[in-house]
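Residue 17 in our numbering sits at position 17 of the sequence shown, and the numbers go up by one each step.
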Amino acid sequence: MKTNDEITESLFDAIEAGDMETVTKITAGGVPVNTRDFLGRTALFEAVSTGNHDIVRLLITRGADVNISEVNSITPLMEAASSGDAEIVNLLLDNGADILITDNFEDTAYDYAVSQGFPEIGELISVRTDLNIPGIRPGNTSSDSVTNTGKKEFLIPVDGLLAGRLTEIAESKQIPAETLVELWLKEKISESYQQA
C-alpha cells in the first residue's frame with residue numbers, strides 16, 4: 001500500500017504529465033486534493049502551473065481550495081495571472097478566488113499580471129472587484145478608514161478600475177468616484193516616495 005506522500009507524488013506527476021485519467025482516479029479515491037508538496041503547493045497550484053484547464057476544473061469540483069497559498073503566499077490566481085491564462089483566471093475567479101490576497105511581498109494577482117506584461121489579465125481581475133472590502137462602505141466619503149489600515153491590498157484594484165469604468169462602478173456601489181480617485185492618488189504618491 002502506498003503512503004500518503006507517495007500518493008501525493010503520483011497525483012502531482014499525473015498533473016504534470018496531463019494524465020486526466022490518473023488524476024481522476026487518484027482524486028476519486030479520497031485523496032485530499034489540498035495536500036501540499038514540500039514547497040507548500042497543492043494539486044490545484046500544480047495544475048494551474050501546467051495550464052491544464054480540464055484538470056483545474058476537476059480539482060475545483062473535487063473541493064480544491066482556490067485561495068490556498070504556497071510557502072511564499074503565492075495563490076493559484078497569482079500563478080495564473082503571471083502566466084496570462086485568461087481561462088484559468090476566470091475559472092478561479094468564478095469559484096471564489098480572492099483578488100485581495102497578497103504574497104510575502106504584498107503583491108496581488110493584479111500585480112502579477114501587470115508585472116509579467118499581461119495588462120489585459122490585470123483588467124480582467126480588477127473589473128471583478130466588488131468593492132465590498134473592509135473600510136469601504138456605501139455612503140462612506142472618507143478614505144481614512146482604508147488608508148489608516150496600512151494595507152496595500154485595499155488600494156491595488158482601484159488602479160485598474162480607473163481604466164474607464166470608475167464612475168459606473170462608483171455609482172453602482174454608492175461610493176463617490178472622488179473617494180476612489182483620492183485612494184488611487186494616495187497610493188501612487190506613496191509608491192513614488194518609496195521608489196525615490
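Think of the CB as a built atom: it goes at the ideal place given N, C-alpha and C, for glycine as much as any other residue.
| Item | Value |
| --- | --- |
| Alpha carbon of Leu77 to alpha carbon of Asn67, nearest angstrom | 8 Å |
| DSSP state of Val127 mapped onto helix, strand, coil | coil |
| Which of helix, strand or coil DSSP assigns to Arg57 | helix |
| Residue span of the alpha helix (DSSP H) that contains Pro32, given as start and end | Note, Pro32: premise wrong, no alpha helix (DSSP H); not H, not E. |
| Straight-line Cα distance separating Thr75 from Thr22 | 24 Å |
| For Ile136, three-class secondary structure by DSSP | Its pLDDT being 33, under 50, Ile136 is placed unreliably by the model, and the measurement read from it follows with that caveat. Residue state, collapsed to three classes: coil. |
| Pair within 9 Å by beta-carbon distance, Val89 and Leu124 | yes |
| Other residues of its chain near Asp206: CB distance less than 8 Å, five sequence neighbours each side excluded | Because the chain is modelled from 1 through 196, residue 206 falls outside the range shown and cannot be assessed. |
| N- and C-terminal bounds of the alpha helix (DSSP H) containing Ala97 | Taken as a continuous stretch (DSSP letters only), Ala97 belongs to no alpha helix (DSSP H), as it is neither H nor E. |
| CA nearest to the CA of Glu199, picked from Ile101, Gly63, Arg57 | Any property of residue 199 remains undetermined from this structure, which presents the chain solely from 1 to 196. |
| Option nearest Asn72 by Cα separation, candidates Ser115, Leu39, Gly63 | Leu39 |
| Alpha-carbon spacing of Asn52 relative to Glu106, whole angstroms | 27 Å |
| Rounded separation between Leu91 and Leu59 - CA only | 12 Å |
| Closest Cα partner of Val56 within the set Phe12, Pro119, Glu120, Ala113 | Phe12 |
| Same chain, Cβ closer than 7 Å to Gly150, five either side skipped, listed in chain order | Unreliable placement is indicated for Gly150, whose pLDDT of 39 sits below 50; the coordinate value is still reported in the next sentence. Cβ within range, chain order: n/a, list empty. |
| For Ala80 and Val48, believed in contact at Cβ under 8 Å, the rounded distance | 5 Å |
| Alpha-carbon to alpha-carbon, Pro119 and Thr42 | 27 Å |
| Straight-line Cα distance separating Thr61 from Thr3 | 24 Å |
| Check whether Asp85 and Ile121 have beta carbons under 9 Å apart | yes |
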